[in-house]
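Contents: one structure, followed by commentary.
In my numbering, the protein residues as written are 752 to 956.
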């Protein structure tokens, strides 16, 4: 599925050249990955829709990253909890994301803390999807990120995995793809809880 050659798309210095490589190399892989990821997320009995980044607002500078998002809405993904799989120039990322646009739902993160605490293995967290910075998931960091999301207007909440371009796992793409699928399956129940929180709020309105 994904290989180290995929990072070559970001070597193109111009908007036109980089977008051509993204559309030719990465977007087809995102579409292929969706065939596996969507069923994993739909196990919770709500529909999931695929949104491949189009970068339509870019007219001069090439995009520093690109992604596919999986959302419970056909219309978009930023205003709802969703899963993102994508590339920066030096890493592949997989995030369960609640962006700042989703803060119209009070108590969006209700009930997810104990679910996240039960995740096995090492996970990463972040609070800004436009920045590469991450922290390792642990209980103090989790509580801090939840509090930050709940109290700071522009803070976001992301949990997932990052695979740096130099990671040895890239020498075995099949192993990488299997690990990504496993992470998606682990995150699916948490996404389901977040979607339920949104539905409950909309019902109460």
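Ideal placement from N, C-alpha and C gives every residue a C-beta, glycine not left out. Keep in mind it's a predicted model, so treat the numbers as computed, not measured.
Bounds of any alpha helix (DSSP H) do not take in residue 830, whose DSSP letter is neither H nor E. Straight across, the Cα-Cα distance linking residue 768 with residue 756 is about 16 Å. Where residue 928 is concerned, the enclosing alpha helix (DSSP H) starts and stops at 924 to 955.
In terms of Cα proximity to residue 776, the closest of 860, 838, 954 is 838.
CA-CA distance, residue 924 to residue 955, rounds to 46 Å.
The C-alpha of residue 941 is placed about 19 Å away from the C-alpha of residue 819. Rounded to the nearest whole angstrom, the CA to CA distance from residue 952 to residue 856 is 7 Å. Classified as exposed, residue 902 has fewer than 16 neighbouring CB atoms from the shown chains inside 10 Å of its CB. Shown here, residue 890 sits in a helix according to DSSP, grouped into three states.
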